[in-house]
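Beneath this line is the structure, given in structure tokens, with notes to follow.
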Amino acid sequence: MALKGEVQELIEACEQAGCPVCTLTGREMDRYFDHMLYMRVNEIELRADVRAAWGFCNRHASMLIRPAGALGTAIIYEDVLKNLLRALDGAQWEGGSRLRRRSGAEALVARLEPAHECVGCAHQRETERAYVRALVKYLGNEVDVVPELAAAYGRSDALCWRHLRMALRRVRKPATFELLVAAQRAAWERLGAELAEFIRKNDYRFTHEKMGPEGDSWQRVVRQVAGASGLGGEEDRSL
Ligand SMILES: [Zn+2]
Ligand SMILES: [Zn+2]
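Each residue of the sequence shown is one higher than the one before, starting from 20 at the first, in the numbering used here.
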């Protein structure tokens with residue numbers, strides 16, 4: 020029996036290096052920005068949301084720099100710039116009393132407050148949620164476990180810490196919990212052994228030993244723990 024598209028997609032992502040939710044989310048974000056820049060630039064609602072967010076957050080703005088994205092990006096950001104300049108209009112210090120000393124700067128800070136979330140962040144959040152839910156679901160949380168997926172997941176690099184937390188929040192069944200934890204432990208232990216070997220071979224006494232597959236483990240550990248580059252967490256609102 021052919022597996023459902025969603026399950027097949029998860030299995031294929033498990034067979035690649037890195038967190039499968041990062042892999043699938045990254046792929047979807049690529050498709051989303053391609054489609055936006057080629058097809059949706061003149062969509063009124065989208066443009067209003069992008070304008071109100073002053074474009075995109077730093078993370079998603081970097082996704083606009085892509086082949087053939089030039090014209091769409093120029094059109095979107097020309098509009099954003101016009102509105103940023105409008106926000107500067109009438110900006111003045113407004114000296115006067117000590118109490119109102121900073122009122123001009125504060126008014127400008129307020130005008131520069133984004134009135135909408137980055138549309139990339141919103142789409143990424145929905146995408147990640149959908150993939151985490153699907154993974155946990157087919158690992159037996161809501162339906163019978165799909166053995167092909169469980170096997171592929173067991174051999175995979177398992178999840179980055181952020182997607183692991185998301186998955187654990189969804190878990191309702193002990194067997195699904197065990198599957199997730201076992202795969203995570205196996206992946207982290209494999210990685211830890213490779214790192215130890217990499218560090219050992221960097222010792223001057225062993226530098227004559229040829230570096231094996233552990234040679235790039237210092238890069239893989241970063242991606243496997245922190246998640247794929249460009250797919251970070253929530254916006255930091257602590258500033
Ligand atoms: Zn991830
Ligand atoms: Zn964003």
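All C-beta atoms, glycine included, are put in the ideal place defined by N, C-alpha and C. Because the structure is a prediction, the values reported are computed rather than measured.
So, using beta-carbon positions, are residue i and residue j closer together than 8 angstroms?
| i | j | result |
| --- | --- | --- |
| residue 213 | residue 233 | yes |
| residue 140 | residue 179 | no |
| residue 71 | residue 134 | yes |
| residue 239 | residue 210 | yes |
| residue 159 | residue 195 | yes |
| residue 136 | residue 44 | no |
| residue 66 | residue 251 | no |
| residue 142 | residue 51 | yes |
| residue 344 | residue 167 | A query on residue 344 cannot be resolved here, the shown segment of the chain reaching from 20 to 258 and no further. |
Rounded to whole angstroms, what is the Cα-Cα separation between residue i and residue j?
| i | j | result |
| --- | --- | --- |
| residue 280 | residue 218 | This structure gives no information on residue 280, because the portion of the chain shown stretches from 20 to 258. |
| residue 84 | residue 145 | 23 angstroms |
| residue 96 | residue 227 | 53 angstroms |
| residue 49 | residue 225 | 43 angstroms |
| residue 132 | residue 138 | 16 angstroms |
| residue 93 | residue 105 | 18 angstroms |
| residue 4 | residue 171 | Since the displayed the chain opens at 20 and closes at 258, residue 4 lies outside it and no answer follows. |
| residue 237 | residue 223 | 18 angstroms |
| residue 24 | residue 42 | 16 angstroms |
| residue 101 | residue 109 | 14 angstroms |
| residue 53 | residue 87 | 9 angstroms |
| residue 47 | residue 220 | 39 angstroms |
| residue 255 | residue 125 | Because residue 255 sits at a pLDDT of 40, beneath the cut-off of 50, its placement in the model cannot be relied upon, and the point is left open. |
| residue 156 | residue 204 | 20 angstroms |
| residue 163 | residue 191 | 13 angstroms |
| residue 161 | residue 193 | 12 angstroms |
| residue 235 | residue 89 | 34 angstroms |
| residue 259 | residue 62 | In the structure as shown, the chain starts at 20 and stops at 258, and residue 259 therefore has no counterpart that could be examined. |
| residue 64 | residue 183 | 34 angstroms |
Which term fits residue i, buried or exposed, when burial requires 16 or more other beta carbons within 10 angstroms of its beta carbon?
| i | result |
| --- | --- |
| residue 27 | exposed |
| residue 129 | exposed |
| residue 181 | buried |
| residue 55 | buried |
| residue 165 | buried |
| residue 257 | Any reading at residue 257 needs caution, since the residue's pLDDT is 37, under 50, leaving its predicted position unreliable; the model's value is listed next. So residue 257 counts as exposed. |
| residue 36 | exposed |
Round the Cβ separation of residue i and residue j to the nearest angstrom and send it over; I've been treating them as touching at under 8 angstroms.
| i | j | result |
| --- | --- | --- |
| residue 243 | residue 176 | 5 angstroms |
| residue 60 | residue 99 | Rounded, the Cβ-Cβ distance is 12 angstroms, inconsistent with contact. |
| residue 40 | residue 199 | Going by Cβ atoms, the distance from residue 40 to residue 199 rounds to 12 angstroms, so no, they are not a contact pair. |
| residue 33 | residue 246 | So it is not a contact: roughly 16 angstroms between Cβ atoms. |
| residue 249 | residue 81 | 7 angstroms |
| residue 151 | residue 202 | Not really, about 14 angstroms apart at Cβ, beyond 8 angstroms. |
| residue 107 | residue 73 | Contact flag wrong, Cβ pair sits at about 12 angstroms. |
Report yes or no: is there a C-beta of chain C within less than 8 angstroms of the C-beta of residue i?
| i | result |
| --- | --- |
| residue 132 | As a matter of chain content, chain C is missing from the structure shown, which is built from one protein chain. |
Please state whether DSSP places residue i in a helix, a strand or coil.
| i | result |
| --- | --- |
| residue 131 | coil |
| residue 257 | Note that residue 257 scores 37 on pLDDT, short of 50, meaning its location in the model is unreliable; the coordinates nonetheless yield the value given after this. Coil at residue 257, not helix or strand. |
| residue 223 | coil |
| residue 111 | coil |
| residue 164 | coil |
| residue 175 | coil |
| residue 101 | helix |
| residue 60 | coil |
| residue 87 | coil |
| residue 230 | coil |
| residue 35 | coil |
| residue 156 | helix |
| residue 74 | coil |
| residue 248 | coil |
| residue 181 | helix |
Closer than 5 angstroms to ligand 3: residues, by C-beta to nearest heavy atom, in chain order: This structure simply doesn't include ligand 3; it includes ligand 1 and ligand 2 instead.
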